[in-house]
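Asks: Okay, handing you the structure first.
2 protein chains.
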Amino acid sequence: MNNSTGSYVLEKTGFEKDNEELLINETLFHNANGYQGVRGNFEEGYPEGYDTIRGQYINGFYNSYKISTEEWHIGFIQEKHSMVNVFDTQSVKIWIEGEELDLFTGNVTEYRRTLDMKKGITSRSFVWESPAGRKVSVRIERMASFEMLPLFLIRYRICPLNFSGTVKMESVQSGDVYNYFNQKDSRVAGEKRIHMRVKDVEADGTTGILVSETVRSGLEAACAVSHVFSGPVSQTLVCDEKSITDRIEFGAEEGKWSCAEKYSILCDSLRYADVKEEALRLLDLAVEKGSGYWYGKQEEFLEKFWEGCAIEISGDEELNLSLHFSQYGLLQSAGLDGVSNIGAKGLSGEGYEGHYFWDTEMYMLPFFSLTQPEVARKLLGYRYHILDQARENAVKMGHPKGALFPWRTINGKECSYYYPSGGAQYHIIGDITYGIIQYYLITGDWDYIVEQGAEIVMETARIWYDLGNFYKGKFHIHDVTGPDEYTCVVNNNYYTNLTAKHNLIWAAKLYEKLKEKGQLEKLQDKIGITESEITGFKTAAEAMYLPYDEELDINPQDDSFLSKKVWDMASIPEGAGPLMQRNFLYHIYRYQVCKQADTVLAHFLFEDEQELSTIRNSFEYYEKITTHDSSLSRCIFSIIAAKLGEKEKAYQYFDFSSKTDINNSQKNTKDGIHTANMGGTYMAVVYGFLGLRVKEGGFFFRPILPDEWNGIRLDLCLRGSRIEINADRDQCRFSLKKGDPVEIHVYDEVYELSDEITVEMRG
Amino acid sequence: MNNSTGSYVLEKTGFEKDNEELLINETLFHNANGYQGVRGNFEEGYPEGYDTIRGQYINGFYNSYKISTEEWHIGFIQEKHSMVNVFDTQSVKIWIEGEELDLFTGNVTEYRRTLDMKKGITSRSFVWESPAGRKVSVRIERMASFEMLPLFLIRYRICPLNFSGTVKMESVQSGDVYNYFNQKDSRVAGEKRIHMRVKDVEADGTTGILVSETVRSGLEAACAVSHVFSGPVSQTLVCDEKSITDRIEFGAEEGKWSCAEKYSILCDSLRYADVKEEALRLLDLAVEKGSGYWYGKQEEFLEKFWEGCAIEISGDEELNLSLHFSQYGLLQSAGLDGVSNIGAKGLSGEGYEGHYFWDTEMYMLPFFSLTQPEVARKLLGYRYHILDQARENAVKMGHPKGALFPWRTINGKECSYYYPSGGAQYHIIGDITYGIIQYYLITGDWDYIVEQGAEIVMETARIWYDLGNFYKGKFHIHDVTGPDEYTCVVNNNYYTNLTAKHNLIWAAKLYEKLKEKGQLEKLQDKIGITESEITGFKTAAEAMYLPYDEELDINPQDDSFLSKKVWDMASIPEGAGPLMQRNFLYHIYRYQVCKQADTVLAHFLFEDEQELSTIRNSFEYYEKITTHDSSLSRCIFSIIAAKLGEKEKAYQYFDFSSKTDINNSQKNTKDGIHTANMGGTYMAVVYGFLGLRVKEGGFFFRPILPDEWNGIRLDLCLRGSRIEINADRDQCRFSLKKGDPVEIHVYDEVYELSDEITVEMRG
């Protein structure tokens, strides 16, 4: 049951004996801080036979493994990387007077799980009556610290209600861990693989330390664990080959709370030179400061976070909760150290093996660019970090120069094995460029362009120019896949060609601007970009072929899309799950049926590329044949519906989208949160209901308010200035809260926002 | 060195120390009879470090193995089959007075290997001088019997030239065998796999028997071995876990030949109920009859074979040899028992894992249909045997009814893992239908149509009808791959659409003919074919979209072919090997470059579908961009060149094609002979130089003679009658040798051939 209190606390009550719900809650109540993530597993585990994805991950920390070379051809990948379940430091078992605490026996009452997004902690509390009739009240709080990223803290409190007696605790830290696998679901790994090997187990006094290494990728991680108790205990540490068990015993008194705090520190060799030493040092520091300190820091951090980004919708508390859950999900997932990024499931599960996709730039970056540009800058830094691998990938794929970013990756190497809906998605380079340019237009951060951005934009433009070719005066792009993965490897995908055009145009623009400012030389020395290449970029961009069907006044998704059969949408059974899980992919490819927004997404990103009538017709055309089997779809449909003034539709798409994980709408929240959809939810608010577009010409708003709401309020950070937007049924108020005046356009009128302006709502 | 004598004996002299040549000769001098095949390995082996593909195979006998489930999606195959290296019964080691016979030590003279295609044996003979100076003359003959298919016979003769002494022989039969693998070549298996497990080892007197089973596919095979000697020997059989060694010792006298005959019998559970018992029974029979009997039967069999099919070109003995080698290669490869067929490499090697492709119907069947229709009938029987699996495959691929034959298979299940140049080649069903209809038109065998053919043609027509769709009045077929594997998964591949059209038309034709004759009921009961389906077939066939470019007056290979970049053919280094081994496949797909004949093949098969000018323009267009990286290509270019009167070109393509294996032109003869090319060589003679086309209207000849030849003579079997064709520079004579008169067309004139006609040559 989901009966949360307040829009910053997700709460579920009623003990979730159901395995499916347990798995979902493991995801929803995970703790993460962009560096590490721990799924919300029960400390004491589940009964045998229950399925669980018991995991603890470090962002960007991966093992590699060889994959099948069946019918191998040159350029096919031979190795993949997988985010690793690195340790298990969350295990705590309890015996009360010899009876093992097990919620699946005895009686459970007052059961409650919460995620408090202002405090940054999750909790699980309950009263348990043992089979023998002993009653205890238990409250367990967990936190992944934003202040000290390697710190994961469990506060375990127990209070006997009808007896006094002995409590035994076994708190384990283990290196004997595996990644979850499921042969039947392409969204998680297909086979059991051993990724980690324990190489050092040591108990030093009351501190346990484990060091493990990845089997193949040459990485190392250490976890150091120590406990702090509220009263006297007896304690013994027992090591075996792969784990350390801390056996604790203490007396518990009826009506009195006893508390055990389990500090665990995770350090990996991507960030720390000596993982063991560093883990021990940080553990000492963490314990020394004490949990109160870390709780305080956590709240401080989050106060600042919410201040900058919180959305408040008046008239829909439930929606506010799901919006905040989305924003918090993004925050928990974002790796900001240059070697990591945001996985498709963040750090909440193993879906898509922890890989980074286009999701970052197209769905998640806008939230950060518009609220915390410094975080956006760090996310973009990751792409620069892997630029050399993108150059290698380009050559492998047949391009003599340029950079072709991998479709899915952890460390920069391509990890997509199935090319048609993997590496063939060349649009990722256009997406990255789009993200860079949007970041630049939002923030005005020219230094970033000079240092990193321009190099990426030019290297990716080179790929487009080499990939496509002129035919009968038009520039064509063959055999690529657009965002819609139900139509793969096509010619002249409308979306792709537009991102390519944008990429080519901006490469030329940045070149000219750098030249103008005398800042070109360094880049020229590095990548040897020439005037004639720039001329080529411009010619190709101008000649870019963009499919258009006059009869229907729509943009066909690609050259042959309209000549295919239309999938019988009525034949899809309710709740049957994605088409791709029930049909051979190439069978799907032969139909007009879309997994997600593709042309409709292009209409949002490049709204000036076609007439409004075309956008409307396209929207209506594709709406009929889109299954939204991807969680990246509905938010985009919501944005375009809003643009077209279809408020009710916009609201419905948005409402569904924003609650994707909380409602488990995609039926796979157990594998992790849908981070792109979380970003998309934010986009639907800002680009949809507020109607924001960020163009070279400035910031353009066209606010509308769904009938279901009374008002909406949020902050944006534009060109370094913080502005607050406050809309109700009648008016929309823009106020400058900090920084220099900003020029904005509202309903096509231009305003200099130096204090506050109020505009009448037109929708 | 290749200095063969006569056009029926392939001979190579000079000891081939070179490893590459050894591997090639293993293929060229293999022994096979359609049931089993043994590569021409040295009985005594090679020195350590030498690469060898030591193999002995049974046609259609396979093991299955699970393949990677990396990013698995529904419908992707999870199991493959591989023709198995089943036993090694060819090993014989010799010690002469304690010195091991090893051609890589000492001195070798008078070295000679032969394949005698009239006798049906291979031989290796040499004089070896040991390091200690002992000289022996050795002659080894090997035969896979056409009379008793399980029999493989080695006759080992040795004669001391400068001493008398003791010869020790170790003749081994072993179940400790593996298939060859090479991770870097997609044309052979990628990984070492254990396919066979020995389950029974027994020595009974002087007979050794091994029984092995496949690890996963549930098949069994036995080999029984016994020896016959020309004089007294001492003999001990020693068994270990996986093999039996026959230790033989005898005295050899200077100047006198000693002879040991090794009889080995291979029986498998696909054909024999009790493999062990049957192998022992056949072994007894074989030994009892004696080698002379089997040699005699072999010659008898081949006399009949050559009588029916031999081609004699006057003026080019070298070419005659390669033609006969091709015909013999086809004979050796053809499985005629319904459970087997012709592998892409026959039984001569492990390339393509022993799988059957479209090669059979499109390249090899014509030879048999035109010379030994009873063999053609048996080959077609295999497709009927796997029809139920083809039905299952259809459903898996999204078609509610019909039969979709697998692209590559052994037992009827799809074994192609890489779909774009595998399962996407829907044309295979059109090819099978084409083969059936050609067989029917050549032989007039209506019974076959009633019993099997019509069912296949209608079930495959159903696939086309479901696969394609009407769009703006035309019938389109999306996302399939034509024969050219350098352009995959395209729309409206010209070749595919024409085979589909032919398939649909003939389904309707056969339906109507069956109905007319009152023979429809049984089929209707079985597959429920309806009038309205037939109407649909006809409508689709009539409306079939066939890409045509007016400007160039050619048929584009597919909808988007002409809009792609043209590959820079001049940039391909001489002898660099196939493009696909140096470039990422999807990179190749984005170019106009062809691995093999595609549209040009369509122009041959369906010559009435376009104007001659279009055929000429297409030929010239595609010729410029075809690499002929497939061995199936040049023979077709030869046929069309001949049609266009380009005699010199026709001859050059033909000459190259016919010598593919003898010259190792494709650089992979080591993996086995190119059976399709062997059939293509025959096609180039009959369809190319004789200009034969078999149409509903009859047999149409347009003979031409290359300037390099003085004449050509061959027999054909048309409608059950045997006719001889004899062309020289001036005239072409057609004679009826056996059977009823046949109507033929020569240069568009119609003749009733009841005795002999002579027509003046026009080319």
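Here the protein sequences come in this chain order: Y and V.
Those letters in the first sequence? Residues 1 to 763, per our numbering, in order.
Those letters in the second sequence? Residues 1 to 763, per our numbering, in order.
Glycine included, each C-beta is placed from N, C-alpha and C at the ideal position.
Taking the continuous alpha helix (DSSP H) assigned at R281/Y, which residues delimit it?
Replies: Segment 275–289, the alpha helix (DSSP H) holding R281/Y.
Asks: Counting pairs of beta carbons, one from the stretch 739–747 of chain V and one from the stretch 711–723 of chain V, are three or more of them closer than 8 Å?
Replies: Because the criterion of three Cβ pairs below 8 Å is met, the stretch 739–747 of chain V and the stretch 711–723 of chain V touch.
Asks: Would you kindly work out how many angstroms separate the C-alpha atoms of I712/Y and L370/Y, rounded to a whole number?
Replies: Their Cα atoms are separated by approximately 17 Å.
Asks: So E278/V and C267/V are supposed to be a Cβ contact under 8 Å. How far apart are they, rounded?
Replies: 5 Å between Cβ atoms; contact.
Asks: Determine, using beta-carbon pairs with one atom in the stretch 370–380 of chain V and one in the stretch 434–449 of chain V, whether at least three such pairs fall under 8 Å.
Replies: These segments touch.
Asks: Compute the distance between the beta-carbons of K345/Y and I67/Y, then report whether it is under 9 Å.
Replies: Result no, Cβ atoms of K345/Y and I67/Y do not sit closer than 9 Å.
Asks: Using beta-carbon positions only, say whether S326/Y and M580/Y come within less than 9 Å of one another.
Replies: Taking 9 Å as the Cβ cut-off, S326/Y and M580/Y do not qualify as a contacting pair.
Asks: Where are the beta strand (DSSP E) runs, 3 residues long or more, that stay fully inside the stretch 122–173 of chain V, in chain order?
Replies: Whole beta strand (DSSP E) segments, 3+ residues: 135–144, 151–160.
Asks: Can you find the residues in the same chain that come closer than 7 Å, C-beta to C-beta, to Y621/V, ignoring five residues on each side of it along the sequence?
Replies: Hits under 7 Å: L552, I554.
Asks: Is N3/Y close to chain V, meaning its C-beta is less than 9 Å from at least one C-beta of that chain?
Replies: Unreliable placement is indicated for N3/Y, whose pLDDT of 42 sits below 50; the coordinate value is still reported in the next sentence. It does not: the Cβ of N3/Y has no partner Cβ on chain V nearer than 9 Å.
Asks: Between Y479/V and chain Y, is any beta-carbon pair separated by less than 9 Å?
Replies: First, the residue type needs correcting, since residue 479/V is Asp and not Tyr in the sequence shown. Yes, because at least one Cβ of chain Y sits closer than 9 Å to the Cβ of D479/V.
Asks: When you compare the CB of R582/V with every CB in chain Y, is at least one pair closer than 9 Å?
Replies: Chain Y, which has a Cβ nearer than 9 Å to the Cβ of R582/V, makes this yes.
Asks: For E43/V, count neighbouring Cβ atoms within 10 angstroms of its own Cβ and tell me buried if that reaches 16, exposed if not.
Replies: Under this definition E43/V is a buried residue.
Asks: Report the residue ranges of all alpha helix (DSSP H) runs contained in full by the stretch 313–377 of chain V; include only those spanning at least 4 residues, in chain order.
Replies: Those alpha helix (DSSP H) runs which fall completely within the stretch 313–377 of chain V and span 4+ residues are 317–333, 365–371.
Asks: Counting only C-beta atoms, is R590/V closer than 9 Å to chain Y at any point?
Replies: By this cut-off, R590/V is an interface position.
Asks: Mind checking which residues open and close the alpha helix (DSSP H) that includes I437/V?
Replies: Element bounds for I437/V: 427–443.
Asks: Pick out whichever of F561/V, E312/V, A570/V has its Cα sitting closest to the Cα of L591/V.
Replies: The amino acid occupying residue 591/V in the given sequence is Tyr; Leu does not appear at that position. When each option's Cα is compared against that of Y591/V, the closest is F561/V.
Asks: Would you grab the beta carbon distance between D431/Y and E361/Y for me? Rounded to a whole angstrom, and I think it's under 8 Å.
Replies: Right, the Cβ-Cβ distance comes to about 5 Å (below 8 Å), so this counts as a contact.
Asks: If we ignore side chains and look at the alpha-carbon of each, how far apart do F126/Y and V92/Y end up?
Replies: Cα to Cα, F126/Y sits roughly 16 Å from V92/Y.
Asks: CA-CA distance, I636/V and L115/V?
Replies: About 28 Å.
Asks: Using 8 Å for Cβ pairs, my map puts F537/Y next to A508/Y. What's the rounded Cβ distance?
Replies: Yes, they are in contact, since the Cβ atoms of F537/Y and A508/Y sit about 5 Å apart, within 8 Å.
Asks: For G659/Y, tell me which candidate among C159/Y, E20/Y, G381/Y, L28/Y has the shortest Cα-Cα distance.
Replies: For clarity, residue 659/Y is Lys in the given sequence; the question names Gly instead. Nearest C-alpha to K659/Y: L28/Y.
Asks: Can you give the Cα-Cα distance for Y62/Y and H81/Y, rounded to whole angstroms?
Replies: If you take the alpha carbons of Y62/Y and H81/Y, they lie about 6 Å apart.
Asks: With three or more beta-carbon pairs closer than 8 Å as the criterion, would you say the stretch 134–145 of chain Y touches the stretch 292–308 of chain Y?
Replies: Flag = yes, the stretch 134–145 of chain Y and the stretch 292–308 of chain Y touch.
Asks: What are the boundary residues of the alpha helix (DSSP H) that includes N19/Y?
Replies: Element bounds for N19/Y: 19–28.
Asks: Comparing the C-beta of L520/Y with each C-beta of chain V, is any distance below 9 Å?
Replies: Not closer than 9 Å to any Cβ of chain V, the Cβ of L520/Y fails to qualify, so no.
Asks: Span of the alpha helix (DSSP H) holding S658/V?
Replies: Where S658/V is concerned, the enclosing alpha helix (DSSP H) stretches over 647–658.
Asks: Please determine, among Q56/Y, I58/Y, N41/Y, the residue with the shortest C-alpha to C-alpha distance to Y50/Y.
Replies: Considering only alpha carbons, the answer is N41/Y.
Asks: If you compare alpha carbons, which of E16/Y, Y46/Y, N85/Y, K135/Y is closest to Y111/Y?
Replies: Checked all of E16/Y, Y46/Y, N85/Y, K135/Y; the closest Cα to Y111/Y is E16/Y.
Asks: Does the beta-carbon of D558/V have 16 or more other beta-carbons within 10 angstroms, so that it is buried, or is it exposed?
Replies: Looking at its Cβ environment, which holds 16 or more other Cβ atoms inside 10 Å, D558/V is buried.
Asks: How would you list, in chain order, the residues of chain V whose beta-carbon sits under 8 Å from the beta-carbon of N491/Y?
Replies: Neighbours of N491/Y on chain V, chain order: S560, S563.
Asks: Please state whether DSSP places N617/V in a helix, a strand or coil.
Replies: N617/V: helix per DSSP, three-state reduction.
Asks: Measure the C-alpha to C-alpha separation of L10/Y and K304/Y and round it to an integer number of angstroms.
Replies: About 20 Å.
Asks: In three-state DSSP terms, what is R582/V?
Replies: Of the three classes helix, strand and coil, the one that applies to R582/V here is coil, per DSSP.
Asks: Quick one: does the C-beta of Y8/V sit closer than 8 Å to a heavy atom of the ligand ATP?
Replies: Questions concerning the ligand ATP fall outside what the structure shown contains, since it holds no ligand whatsoever.
Asks: Go through its chain and collect everything with a Cβ distance to K396/Y's Cβ below 7 Å, but skip five positions before and after it.
Replies: Excluding residues within five positions, the ones whose Cβ falls inside 7 Å are G75.
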